[in-house]
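Protein chains in written order, with this note's numbering: chain D, 1 to 122; chain X, 1 to 122; chain L, 1 to 122; chain G, 1 to 122.
One structure is given below, encoded as C-alpha cells.
4 protein chains.
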Amino acid sequence: MIVIDYKDRRPIYEQIVERFQELILKGILGADTQLPSVRNLAMELSINPNTIQKAYTELERQGYTYSVKGKGSFIAETDILLKKKKDEILEAATLLVKVAKEYGVSKDEFINAISNGFKEEA
Amino acid sequence: MIVIDYKDRRPIYEQIVERFQELILKGILGADTQLPSVRNLAMELSINPNTIQKAYTELERQGYTYSVKGKGSFIAETDILLKKKKDEILEAATLLVKVAKEYGVSKDEFINAISNGFKEEA
Amino acid sequence: MIVIDYKDRRPIYEQIVERFQELILKGILGADTQLPSVRNLAMELSINPNTIQKAYTELERQGYTYSVKGKGSFIAETDILLKKKKDEILEAATLLVKVAKEYGVSKDEFINAISNGFKEEA
Amino acid sequence: MIVIDYKDRRPIYEQIVERFQELILKGILGADTQLPSVRNLAMELSINPNTIQKAYTELERQGYTYSVKGKGSFIAETDILLKKKKDEILEAATLLVKVAKEYGVSKDEFINAISNGFKEEA
DNA sequence: GTGGTCTAGACCACA
DNA sequence: GTGGTCTAGACCACA
Chain D
1 MIVIDYKDRR PIYEQIVERF QELILKGILG ADTQLPSVRN LAMELSINPN
51 TIQKAYTELE RQGYTYSVKG KGSFIAETDI LLKKKKDEIL EAATLLVKVA
101 KEYGVSKDEF INAISNGFKE EA
Chain X
1 MIVIDYKDRR PIYEQIVERF QELILKGILG ADTQLPSVRN LAMELSINPN
51 TIQKAYTELE RQGYTYSVKG KGSFIAETDI LLKKKKDEIL EAATLLVKVA
101 KEYGVSKDEF INAISNGFKE EA
Chain L
1 MIVIDYKDRR PIYEQIVERF QELILKGILG ADTQLPSVRN LAMELSINPN
51 TIQKAYTELE RQGYTYSVKG KGSFIAETDI LLKKKKDEIL EAATLLVKVA
101 KEYGVSKDEF INAISNGFKE EA
Chain G
1 MIVIDYKDRR PIYEQIVERF QELILKGILG ADTQLPSVRN LAMELSINPN
51 TIQKAYTELE RQGYTYSVKG KGSFIAETDI LLKKKKDEIL EAATLLVKVA
101 KEYGVSKDEF INAISNGFKE EA
C-alpha cells in the first residue's frame, strides 16, 4: 500500500504523508480505520520508526488522522479535507492559467490540452 | 531586476535561476546580452558569489545562457526554450486534469476556474 | 453518563476522572452513592479495566470518592470540593487577567468578552 | 533568555516554542532578528540539536519565524500573531466564564477576582 | 503494545 | 556554518 521511492528527491516522511492523504481522500481508508502502528510500518518498510512517527505527526496536524495514546492512530473524517483538496486543485489551475498567459500560451492551446484529459469522462 | 525573497522557502540560487528564465523567455533580456558578472551581481544582491555561480551554472546547463571564457555569460537563443516552456505548461495542465479527475473535480468546475483566468483576453 | 471521546487528545482515564468530578460537583451523584464497579464500567465502555482503575485511584486521591474494601467506591462529601473548585476557577481568572495584561489586552476588551457570558444571568 | 524547567511536565521542545513565542509577541525579539543557530542553542542549553530543531520547525509552522537554508532562522512579522494571541486570551476568558457559571460562581465573585488584577492599571 | 519525546550522531543541500 | 532529514536506540505515559 505504501511504497517508498528512493530516487524521489522528496524526503521519505513526506512521501508517506502524501501516500496516506491519497488513500484517505480517495476513500480507500475509511474513517476510524486504524493505521499500521509506527513500529510495524517501520519494520515493513525497513525504515526508522522516527521517520514514520514524523509522518504520522504531520498527518495528525493536518487533520487527516487522530491518535489515541496507547491505542494507535486512526483515520479522521475526511469531508472537509476533500473539499480543501479540490479547492487547492482549482487554485492550482487558476495559477497555471495565469502563467500560461504570461508565456503566450493561447486559450485554445490550453483548452485543447485539458479536454484530452477529460475526454474519457463522457 | 533581480529581487531575493528571503521568506521564500526555495533556495536563493533557484530564485535567481527562475528570475533569469523569466526575463529571458519574456524577451526582456535579448539573445547575446551579457549577464552581470558573478562578482558584481553577488555584490549588488549582498549574496555569496558561490550562490550566483551555482545559479549561472544551472542556467547554462538548461541552455538559457552560454559562457565565453574570460568574457562572461551571455543569453542564448530563446526560440526553442520558449517552445519547451510552453510544452511544460501544457504538460502541467494535463497532469492537473488527471489529478482533478482522481479527486472527483468535475469538468465543469475545472473549466469554470480556468475560464475566469482567460476572460480578460477577449 | 460517561462518554469517551477518542478524538479528544487527553488520555481516557483523565476524561473519566473529569466526567465524574463534574457529576459529583454538580450534585448529580450525591454523597455515598456507589460508583459502578471497575469491571462493570470497563465492560460498559469497552475499555481496559486498568484504565478505569487508574481513574478511580485518581478520584480517591483527590478526595472525590472513598473506597471500602470488598464493597466498592463511593462518592465523598462534596462541600469542600466545590469550594475548592470555585477557588480554582477564580485563580484561573486571576492568572488569565495577568497574561491578558502582559499581551496588551485592555480592561475594556476583557470585561466585554466576559460580560457577554454572564448576560443571560440577569 | 531561554530556561528549561526539567520539573515542568511539558516536553522540552514545547517549552522552547512557548518561550520564543513570548519573546516575539512581547517585542523583545523584533522582526528579522536572527535566532541562535540550532547547534549553538543546543550547546548552550545542553540539549540535543534534534530537540531544538523540533522547536524551530514548530515555530516556523506557526508563522513565528522563517528559515533560510544555509543562513539561519529569523523572526517573522508579528502583527497578525499578536492579534491571534489576544483573541485566544479573550476566548479563554469566555470559556472560563461559562465554566464558572456551571459551578455556581456568581458574577460578583468573578468580577471581583478579575478587577484586582487590573487594579494597578488605573 | 501504542504513540510521543529525547539523545547521539551522521549526512545532505545551501550559502 | 546553517537548517533539514534520517538512523539507531532508549525511556515514558497510557491502554
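Note that beta-carbon positions come from the ideal geometry of N, C-alpha and C, so glycine has one too.
Only a predicted model underlies this, so the values are computations on that prediction, with no experimental measurement involved.
TODO: Could you name the residues that DSSP lists as bridge partners for Gln34 of chain G?
DONE: According to DSSP, which records beta bridges pairwise, Gln34 of chain G is partnered with G:Phe74.
Task: Neighbourhood of Ala55 of chain L by C-beta, 6 Å cutoff - its chain only, sequence neighbours within 5 removed - done: Residues Tyr13, Ile16 and Val17 of the same chain have their beta carbon placed closer than 6 Å to that of Ala55 of chain L, with the five preceding and five following residues left out of the count.
Task: Interface partners of Pro11 of chain L on chain D, CB under 9 Å - done: Val68, Lys69 and Gly70, listed in chain order.
Task: Beta carbon proximity, Tyr103 of chain G to chain L, threshold 8 Å - done: yes
Task: chain X within 8 Å of Lys83 of chain D, Cβ atoms only - done: So, not an interface residue.
Task: Chain-order list of residues whose beta-carbon lies under 6 Å from that of Leu41 of chain D (same chain, five-residue window excluded) - done: Ile52
Open item on the list: Going by DSSP in three states, Ser67 of chain G sits in which element: helix, strand or coil?
Closed with: strand
- [ ] Drop a sphere of 10 angstroms on the beta-carbon of Lys85 of chain D, count the other beta-carbons inside from all chains shown, and report buried for 16 or more, exposed for fewer.
- [x] buried
- [ ] Could you tell me which chain D residues have their CB closer than 8 Å to the CB of Lys7 of chain L, listed as they occur along the chain?
- [x] Neighbours of Lys7 of chain L on chain D, chain order: Tyr66 and Ala76.
Open item on the list: I'd like to know whether the C-beta of Thr51 of chain X is nearer than 8 Å to at least one C-beta of chain D.
Closed with: With its beta carbon at least 8 Å from every one in chain D, Thr51 of chain X lies outside the interface.
Task: Own chain residues within Cβ distance below 6 Å of Leu35 of chain G, not counting five before or after - done: The answer, listed in chain order, is Ser73.
Open item on the list: Let me make sure I understand the geometry here. Which of G:Ser67, G:Glu109, G:Thr33 and G:Phe118 has the alpha-carbon closest to that of Ile130 of chain L?
Closed with: The requested residue 130 of chain L does not occur in the structure, where chain L is confined to residues 1 to 122.
Open item on the list: Does Lys7 of chain X pass the burial test, meaning 16 or more other C-beta atoms within 10 Å, or should it be called exposed?
Closed with: exposed
Open item on the list: I need the DSSP call for Tyr13 of chain L, collapsed to helix, strand or coil.
Closed with: helix
- [ ] Please go through the same chain and pick out, in chain order, the residues whose beta-carbon is closer than 6 Å to the beta-carbon of Gly117 of chain D, but skip the five residues on each side of it.
- [x] none
Open item on the list: Using the Cβ count rule (16 or more neighbours within 10 Å means buried), how would you classify Thr94 of chain L?
Closed with: Label assigned to Thr94 of chain L: exposed.
- [ ] Report the rounded CA-to-CA distance for Arg9 of chain L versus Ser67 of chain D, giving the unit in angstroms.
- [x] Between the alpha carbons of Arg9 of chain L and Ser67 of chain D lies a gap of roughly 8 Å.
Open item on the list: Using beta carbons (cut-off 8 Å, strictly below), is Ala122 of chain L in contact with chain D?
Closed with: In this predicted model, Ala122 of chain L has a pLDDT of only 47, less than 50, meaning its place in the structure is not dependable; the value taken from the coordinates is given anyway. Not one chain D Cβ lies under 8 Å of Ala122 of chain L.
- [ ] Let me know if Ala100 of chain D comes out buried or exposed under the rule of 16 or more other beta-carbons within 10 Å of its beta-carbon.
- [x] The residue in question, Ala100 of chain D, is buried, as its Cβ has 16 or more Cβ neighbours within 10 Å.
Task: Close Cβ partners of Ala21 of chain X (< 7 Å) along its chain, the five nearest in sequence each way excluded - done: According to the sequence provided, residue 21 of chain X is Gln. The question's Ala does not apply to it. Correct list, in chain order: Tyr64.
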